Structures are given as C-alpha cells and as structure tokens.
Amino acid sequence: MSVPEHPANRIFYVRNEQKNKLYKLIEHVGIEYIFVAEKIVHYAESNLEKKLNPSLLLILADHISNAISRVVSGIQINNVFLEEIKALYKAEYAISRDALTIINEQFSVQLPDDEIGFIALHILNNYENSVDYESVRIIELSQKITELIEVVYNRRVDRSSFNYSRFMMHLKYFSSRVLCNEKIKQKNIGDIYEQFLEKDFQLQRAIHEIERYLYATFKYDLILEEKLYLSIRIKVLMD
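With the UniProt record's numbering applied, the sequence shown corresponds to residues 1 to 239, in that order.
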C-alpha cells in the first residue's frame, strides 16, 4: 500500500489552535508518521462513510510513533478490550486491522495485534459530530458483565464463537441504556421469567450478580424484561 506524497488537504485543514501541536509533532516524530496517519484517516472515512475529527491525524501520528518505539525497545502493552472491541465494533476493528498492515508495511515493523484495538478506540473516540462518546465505557461494562458470568459458571466464554458475538451486540445496546439510565416500558412477564429460571441456579446467580453490580455502580434497576432477555442470551452463550 503506497503512502500519498502530499496529504496537504488534511494538514492545511487542521484547526488554527492545533497548528502548533502539528508543527511540534512533525519535529518530534517526523513527517512520515503524519503521512501514514493521513492515509489511515482517509481510508477510515472512505470505508466507514463518516467524518472524523481533524485532531485524529495528530493523535494517530503520535500513537504510531510511540507504538513503533515500544516494539523496538521490546515493550508490549496488552489491550485488555481487544476481544470486546472486535465483537462490539466490527467495522472499526476491520479498518484498524488494515491500518496495522499499512503501518507494518510502511515502517517494516511487526506491531502486535493489540494495536488494532488501540487504533479502533482512537477512531471510535473521534467521530465528528457524533453522540457516541461512551464507546470505552460500553466496552468496559460489557467486559465486566462477561467476567461476572464467567465467575459464576467457573469457565471462560469462547470469544471466537457466534453466540458470543450475538451476546456482545445485545450488551452493546443494553450497556448504552444503562449508562444513559434509559428505561424501557416494563411488560407483565413475571410468570415467564420465573419459569425460565426455575431450577437453573447458575443462571439465577448470574442475573443476581449482574443486577447487584449495576445497582451498586450505576444505581440502575434491572426490570423483568431485561432480566429475561439477559437470561435467554446467557443461557444460549453458556450452554
């Protein structure tokens, strides 16, 4: 993949207050990192069909420089959210995987796959005019719920499975509601819920642990409909 020779459009449209940061960054990391970051930003915007904040150019260039320096020094930082990002934000993950290929080819390095997650987070946090400012918190909450389930069932969830992917997509929207404290209309499903959980003590405990955590952390009360849907998804995931 070739790097554009003159990414001038992107650079010249950097806001005035960021120009000093750009000049300092060029002095610190070198213009080649700006070129590669520009290519990645353009590639992401084209494929995601969304505008990204101009500041992402500076953020990515600095990140690429630091990531390469770490590899050269034999330092690796693990991305604890990598599997969650892959399941929750498939498009951004795919773009970031391609971005890693661009970086590796351009600088003749072999950055670890953890960098895919870090690049994806930078993209998620830099959508222009976007209301999706809760990406990291959604990932954190989804991961915590999964960990609670793993503790109750005393085994690891298969994060490569289709059921896990479906479960995480549910958690994405569920977590967003929790973080925004959005309530859905409760239906009269008490009998159905009780029958579904009858004699399944692990499932009962999993729901109890999730319910207790959500209230202690967010003062969020699970309604029966949410408990039932979580129960169904957990049962499919763990059976």
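Ideal Cβ placement from N, Cα and C applies to all residues, glycine included.
From a predicted model like this one, the values you see are computed outputs, not experimental measurements.
Legend entry - Any chain B beta carbon closer than 7 Å to Asn-78: Note that chain B does not occur in the displayed structure, where there is just one protein chain.
Legend entry - Selected residue, minimal CA-CA separation from Asp-239, among Tyr-164, Gln-195, Leu-222, Leu-52: Tyr-164
Inset, instruction - State the DSSP-derived secondary structure class of Tyr-127, mapped to helix, strand or coil. - result: strand
Legend entry - Three-state secondary structure (DSSP) of Leu-52: strand
Inset, instruction - Run through the segment 86–155 for me and flag every whole beta strand (DSSP E) of 3 or more residues, listed as ranges in chain order. - result: none
Legend entry - Same chain only: Cβ atoms within 7 Å of Lys-50, ignoring 5 sequence neighbours per side: Tyr-127
Inset, instruction - Tell me whether the beta-carbon of Arg-233 lies closer than 7 Å to the beta-carbon of His-170. - result: yes
Legend entry - Segment contact flag, the segment 62–78 with the segment 111–119, C-beta cutoff 8 Å, min 3 pairs: Contact holds between the segment 62–78 and the segment 111–119, because three or more Cβ pairs, one in each stretch, are under 8 Å apart.
Legend entry - Residues near Glu-156 in its chain [Cβ-Cβ closer than 7 Å; skip 5 each side]: Looking at the sequence itself, residue 156 is Arg, so the reference to Glu does not match. Excluding positions up to five away in sequence, the list reads Glu-150.
Legend entry - Cβ distance (whole Å) where Ala-99 is taken to contact Ile-40 below 8 Å: 4 Å
Legend entry - Within 7 Å, strictly: CB atoms of Ala-44 and Ile-95: yes
Legend entry - Own chain partners of Glu-209 with C-beta closer than 7 Å, once the 5 adjacent residues on each side are dropped: Leu-148, Val-152
Legend entry - CB-CB length for Phe-178 against Leu-214, believed under 8 Å: Sequence inspection shows Val at residue 178; the Phe mentioned does not correspond to that position. The Cβ separation is near 6 Å, so the contact holds.
Legend entry - Proximity test, Glu-182 beta-carbon vs the ligand MN heavy atom, cut-off 6 Å: Within the structure as shown, the ligand MN is missing, as the structure has no ligands at all.
Inset, instruction - Quick one: using the 10 Å Cβ neighbour count with 16 as the cut-off for buried, is Val-136 buried or exposed? - result: Here Val-136 is exposed: its Cβ has fewer than 16 other Cβ atoms, across all protein chains shown, within 10 Å.
Inset, instruction - Just confirm the distance between the C-beta atoms of Glu-92 and Leu-124, as a whole number of angstroms; I'd bet it's less than 8 Å. - result: Right, the Cβ-Cβ distance comes to about 6 Å (below 8 Å), so this counts as a contact.
Inset, instruction - Report all residues from its chain with a CB closer than 8 Å to the CB of Tyr-193; omit the five preceding and five following residues, and keep chain order. - result: Leu-224, Lys-227, Leu-228, Ser-231
Legend entry - Candidates Asn-47, Ala-61, Lys-219, Leu-197: closest to Glu-182 by CA position: Of Asn-47, Ala-61, Lys-219, Leu-197, the residue nearest in Cα terms is Lys-219.
Inset, instruction - In the DSSP assignment, find the alpha helix (DSSP H) that holds Leu-179 and state where it starts and stops. - result: 162–180
Inset, instruction - Measure the CB-CB distance between Asn-78 and Gly-117 and report whether it falls below 7 Å. - result: no
Legend entry - Helix, strand or coil at Asn-79 [DSSP, three-state]: coil
Legend entry - Nearest neighbour of Leu-56, chosen from Leu-48, His-42, Phe-167 [CA to CA]: His-42
Inset, instruction - Find the nearest neighbour of Glu-105 within the set Gln-202, Ala-216, Val-36, judged by alpha-carbon distance. - result: Val-36
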